[in-house]
Amino acid sequence: MTELPQGWGVRPSTNIPTIAFGNQKGGTGKTTATINSAAALASRGHDVLAIDMDPQADMTKGLGLGPGDENNPSSPKNDLPNTLATDDANLLDVLVDNPRTHDTTLSEIVLHADEYDHLNFDLVPSHKDMGLARDWMDDASARLTLKTALEELVADSHEYDFILIDCPPDLSVLTDAAFIAAQNVFLAAQTQATSRDALDDLWDQLESIEDNQQIEIAIVGLLANMYRDDGQSKKFLDEFDNSYASLAPIFKLPMRVAIQRAWDNGCDIFEWEDANEQQVERDLFIEIAETMERAFDKTQVEA
Ligand SMILES: Nc1ncnc2c1ncn2[C@@H]1O[C@H](COP(=O)(O)OP(=O)(O)OP(=O)(O)O)[C@@H](O)[C@H]1O
Ligand SMILES: [Mg+2]
1 MTELPQGWGV
11 RPSTNIPTIA
21 FGNQKGGTGK
31 TTATINSAAA
41 LASRGHDVLA
51 IDMDPQADMT
61 KGLGLGPGDE
71 NNPSSPKNDL
81 PNTLATDDAN
91 LLDVLVDNPR
101 THDTTLSEIV
111 LHADEYDHLN
121 FDLVPSHKDM
131 GLARDWMDDA
141 SARLTLKTAL
151 EELVADSHEY
161 DFILIDCPPD
171 LSVLTDAAFI
181 AAQNVFLAAQ
191 TQATSRDALD
201 DLWDQLESIE
211 DNQQIEIAIV
221 GLLANMYRDD
231 GQSKKFLDEF
241 DNSYASLAPI
251 FKLPMRVAIQ
261 RAWDNGCDIF
271 EWEDANEQQV
281 ERDLFIEIAE
291 TMERAFDKTQ
301 VEA
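Numbering-wise (full-length UniProt numbering), the sequence shown opens with residue 1 and increments by one.
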């Protein structure tokens, strides 16, 4: 592993280590990495909050809190509430200055792990209304609303050890809001030619946010996902190494069926049990969690 100094992550205004999982390219493993890093940190005794900033709501659905699975009547997802379709206050109300709901705070919409058997960490779910965010968050100050909402949450004595944010596959206002609030980014990429170009664009975006907001942003890790043992994967892993290894550790995750199965069953890979075949990915996400502890000079919490 690359020898980076202890504590290279950036503490945002809340002083709580906060990490946004980003890449504007679709299907690279951002949501998989958010869910399972959150679960790995929780398994090491940390109090974790995960926030689903994606209007596609894959993290919320992947944790079973979406519409259920009509093709599979025995799916555990069918027994859980659909938090995406409620008329209650939701994440969009927190993020936009809406006269009807402008007092909505994050603490009102957090789902607490102790109220759900299958959840290992707290979750701010996405919502069907989040599709309107790009239209309603059209002025520069909208990019700061997640940061402000997290400051209020922490002031309201919600002292998490880590906050993880799943970004949508774009460089929209929602992604900017997540990067500004977190000031730490975990990149999820596939080892393919198109990934390199996407990461170059993402890099430019991060530099422009640093300039505009006068903040520092750290990279805390890069997941080389769906890695195959072939020449093409190896070539792009070498490129990632040349560009990013001095900034952050790089983790290789091969194609693993347990990731998909855990998802189908509405849980993370630490919650999901089938014949021990998920040990490879559990070990990898524990390694990622240890790296996040090191990035913020934190240690495992004794049970
Ligand atoms: N290593 C892996 N092995 C097998 N399946 C994987 C792996 N990583 C991710 N997947 C599956 O690939 C799909 C895309 O992954 P995921 O949703 O995490 O990507 P994403 O970057 O969040 O996508 P989007 O850009 O749409 O938000 C999901 O069905 C997920 O379960
Ligand atoms: Mg996703």
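In this text, a Cβ means the ideal position worked out from N, Cα and C, and glycines have one as well.
Look at D138 here: in three-state DSSP terms it is coil, with no helix or strand label. Residue E216 holds the alpha-carbon nearest to the alpha-carbon of G9 among N225, E216, D264 and G231. At a cut-off of 3 residues, the continuous stretches assigned as beta strand (DSSP E) that sit fully inside the region 220 to 257 are 250 to 254. Inter-residue distance for V94 and S126 is about 11 angstroms (C-alpha atoms, whole angstroms). Between P73 and I259, the alpha-carbon positions lie close to 21 angstroms from each other. Membership of L49 in the beta strand (DSSP E) is indicated by the continuous run V48 to D52.
Cβ neighbours of Q192 within its own chain (closer than 8 angstroms, five residues either side excluded): Q232 and F236. Taking a 10 Å sphere around the C-beta of G131, we find fewer than 16 other C-beta atoms and assign the residue as exposed. Beta-bridge partners assigned by DSSP to G22: L187.
For P17, the CB contacts under 8 angstroms within the same chain, skipping 5 residues up- and downstream, are G9, R11, D161, F162, I163, N184, M292, A295, F296 and K298 in chain order. Where I288 is concerned, the enclosing alpha helix (DSSP H) starts and stops at Q279 to A295.
Less than 7 angstroms separates the beta-carbon of I19 from that of V220. Here the C-alpha atom of G64 lies approximately 36 angstroms from the C-alpha atom of E210. The chain-ordered list of residues whose CB is nearer than 5 angstroms to some heavy atom of ligand 2 reads K30, T31 and D58. I215 sits in coil when the DSSP states are folded into three classes, being neither helix nor strand. When the alpha-carbon of S107 is set against those of D117, R256, V96 and D122, the nearest one is in D122.
In the structure shown, L123 adopts extended strand secondary structure according to DSSP, grouped into three states. One Cα belongs to D230, the other to G29, and the distance between them is close to 20 angstroms.
In the structure shown, L111 falls within a strand segment according to DSSP collapsed to helix, strand and coil.
Exclusion of I19 from the 6 angstroms shell around ligand 1 follows from its C-beta lying no nearer than that to any non-hydrogen atom of the ligand. Looking at M255, A248 and N265, the one whose alpha-carbon comes closest to that of Q6 is A248.
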